[in-house]
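Read through the structure below, which is laid out as structure tokens, and then see the notes.
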Amino acid sequence: MKIGRNDPCPCGSGLKYKKCCLNKKRAQDSFENLKKIYWNNYKIRLKEKKDIEGIKKAGELVVKTLDLVEKEIRPGITTDYINKLVHEFTIAHGGIPAPLNYHGFPKSVCVSVNEEVCHGIPGKRVLKEGDIVNVDVTTKLNGYYADANKTFFVGEVSEDAKKIVAVAKESLKRGLAQVKPGNTIGDIGWAIQQYAEVEQDCSVVREMVGHGVGFEFHEPPQVPHFGKKGHGIILVPGMVFTVEPMINLGKKDIIILKDKWTVVTKDGSLSAQFEQTIVVTEYGYESLTPYDL
Ligand code: MF3
Ligand code: CO
Ligand code: CO
27 MKIGRNDPCP
37 CGSGLKYKKC
47 CLNKKRAQDS
57 FENLKKIYWN
67 NYKIRLKEKK
77 DIEGIKKAGE
87 LVVKTLDLVE
97 KEIRPGITTD
107 YINKLVHEFT
117 IAHGGIPAPL
127 NYHGFPKSVC
137 VSVNEEVCHG
147 IPGKRVLKEG
157 DIVNVDVTTK
167 LNGYYADANK
177 TFFVGEVSED
187 AKKIVAVAKE
197 SLKRGLAQVK
207 PGNTIGDIGW
217 AIQQYAEVEQ
227 DCSVVREMVG
237 HGVGFEFHEP
247 PQVPHFGKKG
257 HGIILVPGMV
267 FTVEPMINLG
277 KKDIIILKDK
287 WTVVTKDGSL
297 SAQFEQTIVV
307 TEYGYESLTP
317 YDL
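For the sequence shown, the working numbering gives the first residue as 27, with consecutive numbering after it.
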């Protein structure tokens, strides 16, 4: 059956077909038109050049912070020590650690070890040889936010640990490869799920997603790391969002601990994650928190 111009769009956006995927050329509409369409329909604030410059500056500080932490990762340090490094380095460079007091989060950075998926609270836990540790840094600088994370090895690690970290890193790479005007948010999740679950027999966490970022820590749209090709919102230049797949070695299910923050795998299996903040450009994307993948 043919889809009518006024029928609901099959991509699930809730828009009429004619206002959505019928016009894949939307991605080439004028920026001023796109700004209105994306705000009115999705509450997405497209970013202009000066905003992107601001987010990029915040992103440079985020990446420098991750570099500093990377050099300090070794058996015997506490996760609180990572918090101190991030907090002091951020402040010293004129930034604000965005996690601190965010919906009551008590520290300046998320540090998640082994079976911890994300939102780990730094504390007295001591890193030991063989651990993997994700450090997730979000910095506000001159009013702009950037958000990125990496998973590090603590000394020599197991083959399982090497595998899950490699799969998480490649998952981010595969997701980002889909980012260009005319593709959809569903294409990103589809590529990640296809690789991590179908090709590598790992699993993608469903409950936590990538997100718009820049003017706020978390803005629309949500960016799931699973999904269907061609579904969801069409990507257009000026969209700024994170891609941050959480990949488990075992099953996808998670539990939130009694501290109300720490997310762990239900089966206790290892979990890894990499995150970058990107902007959709005319031909593809540019990372605003660039590091090698
Ligand atoms: N940085 C996380 C993200 O990637 C969010 C952490 S929220 C916090 O979206 F409150 F735990 F910091
Ligand atoms: Co994020
Ligand atoms: Co983050």
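Ideal Cβ placement from N, Cα and C applies to all residues, glycine included.
*Please check the pair Val137 and Pro148, which I expect to be a contact at CB under 8 Å, by giving their CB distance rounded to whole angstroms.*
By one-based count along the sequence shown, residue 137 stands at place 111. By one-based count along the sequence shown, residue 148 stands at place 122. With 8 Å as the limit, Val137 and Pro148 qualify as a contact, their Cβ atoms being about 5 Å apart.
*Kindly confirm or deny that the segment 249 to 268 and the segment 223 to 234 touch, where touching means at least three C-beta pairs closer than 8 Å.*
Verdict: yes, contact present.
*Can you name the residues that DSSP bridges to Ala174?*
Residue mapping note: residue 174 aligns to position 148 of the sequence shown, counting from 1. Val163.
*Excluding sequence positions up to five away, which residues of its chain have a Cβ less than 7 Å from the Cβ of Pro123?*
As a first step, residue 123 is located in the sequence shown; it is residue number 97 there, counting from the start. For Pro123, where only same-chain residues beyond five positions count, the Cβ hits under 7 Å are Val112, His113, Thr116, Ser134, Val135 and Thr165.
_Ile158 and Val191 closer than 8 Å at C-beta_ = Translated into positions along the sequence shown, residue 158 becomes position 132. Translated into positions along the sequence shown, residue 191 becomes position 165. Taking C-beta atoms as the reference points, Ile158 and Val191 count as a pair closer than 8 Å.
*Could you tell me if the beta carbon of Glu270 falls within a distance shorter than 7 Å of some heavy atom in ligand 3?*
Stepping through the sequence shown from its first residue, residue 270 is reached at position 244. Yes.
*Which same chain residues, not among the five before or five after Gly294, have their C-beta less than 6 Å away from its C-beta?*
Working through the sequence shown from its first residue, we reach residue 294 at position 268. So the list reads Glu141, once near-sequence residues are dropped.
*Please list, in chain order, all residues of the same chain as Lys69 whose beta carbon is under 6 Å from its beta carbon, the five residues on each side excluded.*
What you label residue 69 is simply residue 43 of the sequence shown in a count that begins at 1. Excluding residues within five positions, the ones whose Cβ falls inside 6 Å are Pro246.
*Under the criterion of a Cβ to heavy atom distance below 7 Å, does Asp173 qualify as lining ligand 3?*
Counting from 1 along the sequence shown, the entry for residue 173 is found at position 147. Yes, since a heavy atom of ligand 3 falls inside the 7 Å radius drawn around the Cβ of Asp173.
_Taking 7 Å as the cut-off, is the C-beta of Glu301 nearer than that to any heavy atom in ligand 2?_
By one-based count along the sequence shown, residue 301 stands at place 275. In this structure, the C-beta of Glu301 approaches ligand 2 to less than 7 Å from one of its heavy atoms.
*Please confirm whether Glu270 and Gln248 have their CB atoms less than 8 Å apart.*
Your numbering for residue 270 matches position 244 in the sequence shown. Your numbering for residue 248 matches position 222 in the sequence shown. Gln248 sits away from Glu270, with the two beta carbons spaced by 8 Å or more.
*Touching or not, the segment 301 to 314 and the segment 173 to 180, by the rule of three or more beta carbon pairs under 8 Å?*
With contact defined as three or more Cβ pairs closer than 8 Å, the segment 301 to 314 and the segment 173 to 180 are in contact.
*Under 8 Å between the Cβ atoms of Gly310 and Lys195?*
If you number the sequence shown from 1, residue 310 lands on position 284. If you number the sequence shown from 1, residue 195 lands on position 169. Contact annotation: Gly310 and Lys195 have beta-carbon atoms that are not nearer than 8 Å.
*Beta carbon of Tyr221 nearer than 8 Å to that of Ile81*: Here residue 221 is taken as the residue at index 195 of the sequence shown, counted from 1. Here residue 81 is taken as the residue at index 55 of the sequence shown, counted from 1. Not closer than 8 Å, so no.
*asked:* Given 7 Å as the limit, tell me if His145 has its C-beta closer than that to any heavy atom belonging to ligand 5.
replied: Only ligand 1, ligand 2 and ligand 3 can be found as ligands here, which leaves ligand 5 out of the picture.
_To the nearest angstrom, how far is the alpha carbon of Ser56 from that of Glu242?_
Here residue 56 corresponds to residue number 30 of the sequence shown, with the count starting at 1. Here residue 242 corresponds to residue number 216 of the sequence shown, with the count starting at 1. Across the structure, Ser56 and Glu242 are spaced so that their CA atoms are roughly 25 Å apart.
*For Lys73, is the classification buried or exposed, using 16 other Cβ atoms within 10 angstroms of its Cβ as the cut-off for buried?*
Mapped onto the sequence shown, residue 73 falls at position 47. Within 10 angstroms of the beta-carbon of Lys73 lie 16 or more other beta-carbons, which makes it buried.
*Check whether the Cβ of Thr164 sits closer than 7 Å to any heavy atom of ligand 3, and report yes or no.*
For the purposes of this step, residue 164 is taken as the residue at position 138 of the sequence shown. Answer for Thr164: yes, Cβ within range of ligand 3.
*asked:* Is the separation between the beta-carbon of Gly121 and that of Leu167 shorter than 8 Å?
replied: Taking the first residue of the sequence shown as position 1, residue 121 is located at position 95. Taking the first residue of the sequence shown as position 1, residue 167 is located at position 141. In this structure, Leu167 lies closer than 8 Å to Gly121 by Cβ.
*Starting from Gln299 and walking both ways along the beta strand (DSSP E), at which residues does that stretch end?*
What you label residue 299 is simply residue 273 of the sequence shown in a count that begins at 1. Gln299 -> beta strand (DSSP E) spans Ser297 to Gln299.
*Between the CA atoms of Asp93 and Phe87 - distance to the nearest angstrom*: What you label residue 87 is simply residue 61 of the sequence shown in a count that begins at 1. What you label residue 93 is simply residue 67 of the sequence shown in a count that begins at 1. In the sequence under discussion, the amino acid at residue 87 is Leu, which differs from the Phe named in the question. Linking Leu87 to Asp93 through their CA atoms gives a straight-line distance of about 10 Å.
*Would you say Ile280 and Val266 are within 8 Å of each other, going by their C-beta atoms?*
Translated into positions along the sequence shown, residue 280 becomes position 254. Translated into positions along the sequence shown, residue 266 becomes position 240. Between Ile280 and Val266, the gap from beta carbon to beta carbon reaches 8 Å or more.
*Exposed or buried, which one is Val331 when buried takes at least 16 other CB atoms within 10 Å?*
Here the chain has residues from 27 to 319 only, and residue 331 is not among them.
*Over the uninterrupted beta strand (DSSP E) stretch that includes Val135, give me the two end residues.*
Stepping through the sequence shown from its first residue, residue 135 is reached at position 109. Annotation for Val135: no beta strand (DSSP E) segment contains it, and DSSP assigns it neither H nor E.
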